[in-house]
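K.L.:
My numbering puts the first residue of the sequence shown at 97, with every later residue one more than the last. Where a beta carbon is used, it is the ideal one built from N, C-alpha and C, also for glycine. Below is a structure I'd like to ask you about.
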Amino acid sequence: MSLEKTWRWFGPGDLITLDELRQIGVEGIVTSLHHIPKGRSWPVDEILKAKQLIEEKGMRWSVVESLPVSEEIKYAGEERDQLIDNYIESIRNLGACGIDTVCYNFMPVIDWIRTDLHYKFPDGTESLYFSLAEFVAFEIFILNREGARDDYPDHVVEKAVAFGEKMTEKQRNELVDTIIVKTQGFIDGIKVDGEIDPVRIFQNLLALYDGVDQTVLRENLKYFLEQIIPEAEKAGVRFAIHPDDPPMPVLGLPRIVSTADDIRWIMNAVDSLSNGFTFCTGSLSVNPVNDLPGILKEFSDKVQFVHLRNTHLEANRNFYESGHISGRVDMYQILKSLLGEQNSRKAHSRTDYRLPMRVDHGLRMLSDFNHDYNPGYPLIGRMKGFAELRGLEYGIIRMLEQA
Ligand code: DNO
97 MSLEKTWRWF GPGDLITLDE LRQIGVEGIV TSLHHIPKGR SWPVDEILKA KQLIEEKGMR
157 WSVVESLPVS EEIKYAGEER DQLIDNYIES IRNLGACGID TVCYNFMPVI DWIRTDLHYK
217 FPDGTESLYF SLAEFVAFEI FILNREGARD DYPDHVVEKA VAFGEKMTEK QRNELVDTII
277 VKTQGFIDGI KVDGEIDPVR IFQNLLALYD GVDQTVLREN LKYFLEQIIP EAEKAGVRFA
337 IHPDDPPMPV LGLPRIVSTA DDIRWIMNAV DSLSNGFTFC TGSLSVNPVN DLPGILKEFS
397 DKVQFVHLRN THLEANRNFY ESGHISGRVD MYQILKSLLG EQNSRKAHSR TDYRLPMRVD
457 HGLRMLSDFN HDYNPGYPLI GRMKGFAELR GLEYGIIRML EQA
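Written as C-alpha cells, this is what we have:
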C-alpha cells in the first residue's frame, strides 16, 4: 500500500488549479481556509465549501495545513482562553465535516525562515537558502535586537557583522522582504498590509514574548494541548505538530519542536494518538544532531502527516534545499520505514493507517520562471519531486513484495 499522495494547494486563488493536480496523480489536498483571519473559528459552511470544491474534482481534503495558532496562545496573553475556545470550535466543525488530520506549528513570531529565495544552481534551477550569518545580520542591523550578538557563536557573529556593515539599502530591503513579507505572507504567518513598516510589526510581536523561555513556551504548549487534544479525540481529528524550520532557537526566543528530545517531551505532555507530529524531513534534517531514521523509529506510531524534501547542510548551520532524492536525507530508508509503519498500523487495525504525504517544496525550473508561484511552491519543480518519490516508492513496494 502506497502513501497517500497529497499536494499543498493554497485555495481558489492558487495559480495551480485542482484540475491540473488531478492530472499529476494527486489523491488528496492539503489546504487551509486562508481567508479566515487567524484566531477566528472556522464555520461549518466554509469548511464544507472548500471540501466540496476538492471532492468535485475527485480528490479528498486530506489534511488541514495549518489551523494557525494565535500568538496569544503561544505567549499566554490575556485572550488565550477565548482563542483556545475558538480553536476547539474549529476542531469540532472539522470533525463534523469528516476532516481528520490537522497540521499546526508552535513557532513564536515567525514560521519558516530563509534568507535567499533565488539561490542558483549551475544548471539554471533555483532553490531556497538559509544563511545563519545573514539572519543574524537581520537581527543585529535591522531589528536592532539587543542581545543578538550574545546568542550566536562568535564566528557567526563576526560574519554577520562583516555582512551587515557592508549591507546596501537594496540588500537590506531584500532581506526584510524575504524574511518577513514573502515567506510569511502566503502562509498563516505575519500579514503585512498597506503602509505599516514590516520591521515595526515584527519588533512589536517580538516584544510580546518578553520573558518567554523554553520552560514557559513548553508549558504554554502543554496548556494548549491539554485542552485541545481531548476535544480532537472526541471529534475524530488527529493533530500533527510541525517541526521548527530551521530547528534551532532564533531571535532570542525558544523553539521547542526541533529535536528528538523535544518531540519526546511533547508526546509525553499529553499521551494520545491525536497528539501526533508531522514528520518533515526537510526541517528536521538541518539540525546536525537529528538522526531521522532514529526519530522515525522511536515515534513512528505518532506520525500523522509526512513532508518529504531533501537538504544540503553547509558550515555554520547554513543550508539549501536540494530537491527530493539527493541530499542529507536517505529517502530510500525513510520511505521504506514509512511503508512499514503503514503495514504495521493496518495489522493492528488502526484506522489511521494510510499516511498522507506531500512533496514539500520544489526547485524552480523550466516554465516555473514564467509564473509568480509562492516561494518554494512551483509547479514543475514540485511535480518532478512528486514523480521521483512516487517512482522510488513504487520500486520499494515491488521489492518488498518479492522479498
Ligand atoms: C513552508 C512550511 C510551513 C509549514 C507550516 C506548518 O513552506 O515549512 O508553511 O508547513 O508552518 O504549520
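Suppose you measure from the CA of G419 to the CA of D456; what does that come to, to the nearest Å?
P.N.:
Locating residue 419 in the sequence shown gives position 323, where the first residue counts as 1. Locating residue 456 in the sequence shown gives position 360, where the first residue counts as 1. If you take the alpha carbons of G419 and D456, they lie about 9 Å apart.
K.L.:
Would a C-beta distance cut-off of 7 Å place S162 and C193 closer than the cut-off?
P.N.:
The sequence position of residue 162 within the sequence shown is 66, counting from 1. The sequence position of residue 193 within the sequence shown is 97, counting from 1. No, Cβ-Cβ distance for S162 and C193 is not below 7 Å.
K.L.:
Which whole-angstrom value is the C-beta distance of A331 and R188, which I expect to be below 8 Å?
P.N.:
As a position in the sequence shown, residue 331 is number 235, starting the count at 1. As a position in the sequence shown, residue 188 is number 92, starting the count at 1. 5 Å between Cβ atoms; contact.
K.L.:
State the start and end residues of the unbroken alpha helix (DSSP H) segment that holds R478.
P.N.:
Walking along the sequence shown from the start, residue 478 turns up at place 382. Counting along the chain, the alpha helix (DSSP H) containing R478 begins and ends at L475 to Q498.
K.L.:
Can you check whether the CB of S381 is closer than 7 Å to the CB of R351?
P.N.:
Taking the sequence shown and counting its residues from 1, one reaches residue 351 at position 255. Taking the sequence shown and counting its residues from 1, one reaches residue 381 at position 285. It is not a contact, given that the beta carbons lie outside the stated cut-off.
K.L.:
Pick helix, strand or coil for E222, following the three-state DSSP scheme.
P.N.:
In the sequence shown, the residue the question calls residue 222 occupies position 126. Correct three-state label for E222: strand.
K.L.:
To which residues of the same chain is G372 closer than 7 Å at the C-beta, ignoring the five residues directly before and after it?
P.N.:
Within the sequence shown, residue 372 is the residue found at index 276, counting from 1. Answer for G372: R334, F335, A336, K398, V399 and Q400, listed in chain order.
K.L.:
Under 7 Å between the Cβ atoms of L213 and L224?
P.N.:
Position 117 of the sequence shown, counted from the first residue, corresponds to residue 213. Position 128 of the sequence shown, counted from the first residue, corresponds to residue 224. Yes, they are a contact pair.
K.L.:
What is the C-beta distance between V126 and R104, in whole angstroms, given that I count them as a contact (C-beta under 8 Å)?
P.N.:
Here residue 126 corresponds to residue number 30 of the sequence shown, with the count starting at 1. Here residue 104 corresponds to residue number 8 of the sequence shown, with the count starting at 1. Contact holds; Cβ gap of about 5 Å.
K.L.:
Inspect the CB distances between the region 239 to 258 and the region 268 to 286 and report whether three or more fall short of 8 Å.
P.N.:
No, the region 239 to 258 is not in contact with the region 268 to 286.
K.L.:
Who pairs with T127 in a beta bridge, going by DSSP?
P.N.:
Walking along the sequence shown from the start, residue 127 turns up at place 31. V160, per the DSSP bridge assignment.
K.L.:
Rounded C-beta distance between V308 and I297? I'm assuming under 8 Å.
P.N.:
Indexing the sequence shown from 1 puts residue 308 at position 212. Indexing the sequence shown from 1 puts residue 297 at position 201. With 8 Å as the limit, V308 and I297 do not qualify as a contact, their Cβ atoms being about 18 Å apart.
K.L.:
Kindly indicate which three-state DSSP category G260 falls into: helix, strand or coil?
P.N.:
Position 164 of the sequence shown, counted from the first residue, corresponds to residue 260. Correct three-state label for G260: helix.
K.L.:
Just tell me which of L347, R268 and I324 has its CA closest to the CA of S183.
P.N.:
Translated into positions along the sequence shown, residue 183 becomes position 87. A small fix is needed here, since residue 183 is Tyr in this sequence, not Ser. Nearest option by C-alpha distance: I324.
K.L.:
For L117 and Q148, what's the separation of their Cα atoms in angstroms?
P.N.:
Counting from one through the sequence shown, the residue named residue 117 turns up at place 21. Counting from one through the sequence shown, the residue named residue 148 turns up at place 52. Rounded to whole angstroms, L117 to Q148 spans 16 Å at the Cα level.
K.L.:
Whose C-alpha, out of L462, G472, D426 and Q498, is nearest the C-alpha of E417?
P.N.:
In the sequence shown, the residue the question calls residue 417 occupies position 321. When only C-alpha atoms are compared, the closest one is G472.
K.L.:
DSSP three-state call for T279: helix, strand or coil?
P.N.:
As a working note, residue 279 is residue 183 in the sequence shown. Correct three-state label for T279: helix.
K.L.:
If I'm right that G220 touches P452 with Cβ under 8 Å, what's the distance once you round it to whole angstroms?
P.N.:
Translated into positions along the sequence shown, residue 220 becomes position 124. Translated into positions along the sequence shown, residue 452 becomes position 356. Actually they are not in contact, since the Cβ atoms of G220 and P452 sit about 32 Å apart, beyond 8 Å.
K.L.:
With DSSP collapsed to three states, give me the class of F231.
P.N.:
Against the sequence shown, residue 231 aligns to sequence position 135. F231 falls in the helix class under three-state DSSP.
K.L.:
To the nearest angstrom, how far is it from the Cα of I430 to the Cα of L392?
P.N.:
Numbered from 1 along the sequence shown, position 334 holds the residue referred to as residue 430. Numbered from 1 along the sequence shown, position 296 holds the residue referred to as residue 392. For I430 and L392, the distance between alpha carbons rounds to 8 Å.
K.L.:
So, at 7 Å on beta carbons, what are the nonlocal neighbours of F217 in its own chain, with the 5 sequence-adjacent residues on each side left out?
P.N.:
Within the sequence shown, numbered from 1, the residue matching residue 217 stands at position 121. Cβ neighbours of F217 beyond the five flanking positions: S223.
K.L.:
Ignore the nearest five residues each way along the sequence and tell me which others in L179's own chain have a CB closer than 7 Å to its CB.
P.N.:
Here residue 179 refers to the residue found at position 83 of the sequence shown. Correct list, in chain order: G135, S166, E168 and I169.
K.L.:
Locate the beta strand (DSSP E) running through E417, then write down its first and last residues.
P.N.:
Within the sequence shown, numbered from 1, the residue matching residue 417 stands at position 321. Its beta strand (DSSP E) spans residues F415 to E417.
K.L.:
Got a sec: does the ligand DNO put a non-hydrogen atom nearer than 6 Å to the Cβ of S162?
P.N.:
Looking up residue 162 in the sequence shown gives position 66. Yes, the ligand DNO has a heavy atom inside 6 Å of this Cβ.
K.L.:
For the putative contact between D464 and G477, defined by C-beta atoms under 8 Å, what is the C-beta separation to the nearest angstrom?
P.N.:
By 1-based counting over the sequence shown, the position of residue 464 is 368. By 1-based counting over the sequence shown, the position of residue 477 is 381. At roughly 6 Å, the Cβ-Cβ gap stays under 8 Å, so D464 and G477 are in contact.
K.L.:
Quick one: is D196 buried, meaning 16 or more other Cβ sit within 10 Å of its Cβ, or exposed?
P.N.:
On the sequence shown, position 100 is the one that residue 196 refers to. D196 is buried by the Cβ-count criterion.
K.L.:
Should E175 and R450 be called a contact, given that it needs their Cβ atoms to be closer than 7 Å?
P.N.:
The sequence position of residue 175 within the sequence shown is 79, counting from 1. The sequence position of residue 450 within the sequence shown is 354, counting from 1. Not in contact: E175 and R450 (Cβ atoms no closer than 7 Å).
K.L.:
For I283, verify whether its CB is less than 6 Å away from any heavy atom of the ligand DNO.
P.N.:
Working through the sequence shown from its first residue, we reach residue 283 at position 187. For the ligand DNO, at least one heavy atom lies less than 6 Å from the Cβ of I283.
K.L.:
Let me check you understand the geometry: is the CB of W157 closer than 6 Å to at least one non-hydrogen atom of the ligand DNO?
P.N.:
Here the question's residue 157 lines up with position 61 in the sequence shown. Answer for W157: no, Cβ out of range of the ligand DNO.
K.L.:
Tell me A336's beta-bridge partners as DSSP assigns them.
P.N.:
Position 240 of the sequence shown, counted from the start, is the residue given in the question as residue 336. C199 and G372, per the DSSP bridge assignment.
K.L.:
Taking the straight line between their C-alpha atoms, what separation do you get for V346 and E497?
P.N.:
For the purposes of this step, residue 346 is taken as residue 250 along the sequence shown, with counting starting at 1. For the purposes of this step, residue 497 is taken as residue 401 along the sequence shown, with counting starting at 1. Computed Cα separation, rounded: 46 Å.
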